[in-house]
Amino acid sequence: MFPLAHFLRQELRDAPGRASYTLRLTLSCAVLIALFMTLQIPFLAVALIVVFYVSQPNVLMIKLVSVVFFVTVTVALGGVLLIIKWTYDYPLIRLAASVALFFCAIYLMRVLGKLGLAFFVVALAVIYAQTFPSMTSQSEILVRLLLWLWVAINTAILVTLLVNACFQQAFPGNQFKARLAGMLHEVARRLTAPGDEAPPTFGETAAQFNQLQSLFAQASRATPEIAAEPQAWRSRLAATLRCYQLAALLRADEADSEDRQQLSQAVLKLKSALSEEQFDGAIPPLALSGRGINRAVLQEMATLLQQLAQGEPVALPQGEVEKAPLLAPDAWRNPAYLHFALKTLLATLICYVFYTAADWQGLHTIMLSCVIVAQPGLGATMQKTWLRIGGALLATLLALLLIVFVQPWT
Numbered sequence: 054m055f056p057l058a059h060f061l062r063q064e065l066r067d068a069p070g071r072a073s074y075t076l077r078l079t080l081s082c083a084v085l086i087a088l089f090m091t092l093q094i095p096f097l098a099v100a101l102i103v104v105f106y107v108s109q110p111n112v113l114m115i116k117l118v119s120v121v122f123f124v125t126v127t128v129a130l131g132g133v134l135l136i137i138k139w140t141y142d143y144p145l146i147r148l149a150a151s152v153a154l155f156f157c158a159i160y161l162m163r164v165l166g167k168l169g170l171a172f173f174v175v176a177l178a179v180i181y182a183q184t185f186p187s188m189t190s191q192s193e194i195l196v197r198l199l200l201w202l203w204v205a206i207n208t209a210i211l212v213t214l215l216v217n218a219c220f221q222q223a224f225p226g227n228q229f230k231a232r233l234a235g236m237l238h239e240v241a242r243r244l245t246a247p248g249d250e251a252p253p254t255f256g257e258t259a260a261q262f263n264q265l266q267s268l269f270a271q272a273s274r275a276t277p278e279i280a281a282e283p284q285a286w287r288s289r290l291a292a293t294l295r296c297y298q299l300a301a302l303l304r305a306d307e308a309d310s311e312d313r314q315q316l317s318q319a320v321l322k323l324k325s326a327l328s329e330e331q332f333d334g335a336i337p338p339l340a341l342s343g344r345g346i347n348r349a350v351l352q353e354m355a356t357l358l359q360q361l362a363q364g365e366p367v368a369l370p371q372g373e374v375e376k377a378p379l380l381a382p383d384a385w386r387n388p389a390y391l392h393f394a395l396k397t398l399l400a401t402l403i404c405y406v407f408y409t410a411a412d413w414q415g416l417h418t419i420m421l422s423c424v425i426v427a428q429p430g431l432g433a434t435m436q437k438t439w440l441r442i443g444g445a446l447l448a449t450l451l452a453l454l455l456i457v458f459v460q461p462w463t
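Start counting at 1 in the sequence shown, then tack on 53, and there's your number in my numbering.
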């Protein structure tokens, strides 16, 4: 029981931006459900899945993902339409061609890194479109179903983008400032009470550096205020990161309590001045006593703050964020990618055969589940499968309770 409680506490702990992201994702789903039910647009299940994968940490990334999704889904469904047109009277050839397209999409999903997410949606659309011929024998209705699927996917993309654009917290510039403010608040807290909590590890500090570097690059492109003064904001980023590192070295010592309190006030003033264009005068001159075991750390921190307040540049640590390659270096040599695509394809085909044999339209999402839970390793696949099963059971229970106790009163 205790390991489960520890796991839940670790997974549900507060994280920067988590509450805002959850709110935006929930609101996107709610707006999409209301829109689909009002306009009677089909394929709501697929649209909701697309919302979860289009949603990104900020609006800039959502825009990029939306464009890629729109292009790839349009091309994929156009290919499916051509396959059905040329093989409508030959089901086996149609299935073989669609299987080949699905296999390529799954393979590219694994080898293309971040861009592979677009081919995830392609795989969803291709395998879902294979259920349409079993719904009707009329070619016109079949074409209409494919077009409605295109409308459903792109409507989900558009709704997600518009909902996120309504939140200031979703813009990279605001996220960058909020992360800096959060780190400065943590520095001030450690200055006030050093040793109360375990300091961040080297890995956590490096992760903070990489995330802030990425956010700064995005904010420099999307936020006019930061784009106008990139060097000034780079100095603020460098000073914040260095103060964060120095604060992790502090030890409890009463001899330097006054110096720490003075620096804590200066850091809080720096935090409150993040929304201002100029930092000049935001931090008063610091006169430290130079006592205690933390004197070297405190003096370096004071020098950084004064340097920043006077408008002098502060250099970032050497090293750049390593950019992941667009294509995996071993994309054409490593058989693991082929094995992954083949296993996912076989699992999906087994579910497709079961769906066709059962002739139950309510099972049409089982092929989608195969694509969603597919992971390179068995352990990761099992974890995602159990999470999906647990989530489905919990959601079913909540839906049943609402139907029994709430719906009669509406």
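Even glycine gets a Cβ: it sits at the ideal position worked out from N, Cα and C.
- With a cut-off of 8 Å on Cβ pairs, the stretch 211-225 is in contact with the stretch 70-88, counting three or more such pairs.
- In this structure VAL459 is exposed. Its beta-carbon is surrounded by fewer than 16 other beta-carbon atoms within 10 angstroms.
- Between the beta-carbon of THR397 and that of ILE159 there is about 5 Å, and that keeps the pair under the 8 Å contact cut.
- Going by DSSP, GLY432 is part of the alpha helix (DSSP H) stretching over 431-454.
- If you look at PRO283, you'll find it in the alpha helix (DSSP H) that goes 283-300.
- Cβ-Cβ distances below 7 Å link ALA100 to LEU85, PHE89, ALA205, ILE206, THR208 and ALA209 in the same chain, with the five nearest sequence neighbours on each side left out; the list follows chain order.
- Here SER192 carries a helix assignment [DSSP, helix/strand/coil].
- Annotation: the stretch 362-425 contains the following complete segments of the alpha helix (DSSP H) (minimum length 4 residues), in chain order: 388-411.
- A straight-line Cα-Cα distance of about 14 Å links HIS59 and ASP67.
- Using a C-beta cut-off of 8 Å, the stretch 221-228 makes contact with the stretch 271-286, since at least three inter-stretch Cβ pairs fall below that distance.
- Within 10 angstroms of the beta-carbon of LYS230 lie 16 or more other beta-carbons, which makes it buried.
- Judged by beta-carbon spacing, VAL126 lies beyond the 7 Å limit of VAL179, meaning their Cβ atoms are not closer than that value.
- Relative to ARG242, the option among ALA259, ALA292 and GLN315 whose CA is nearest is GLN315.
- Scanning the stretch 185-264 from its first residue to its last, the whole alpha helix (DSSP H) runs of 4-plus residues come out as 192-218 and 225-245.
- Taking 7 Å as the cut-off, the beta carbon of ALA400 is found closer than this to the beta carbon of CYS423.
- The Cβ-Cβ distance between VAL164 and ALA301 does not fall below 7 Å.
- Taken atom to atom, the span from the alpha-carbon of VAL320 to that of LEU237 is near 6 Å.
- A Cβ-Cβ distance of about 12 Å is found for the pair LEU177 and VAL133, leaving them out of contact under the 8 Å criterion.
- For LEU88, the enclosing alpha helix (DSSP H) covers residues 71-92.
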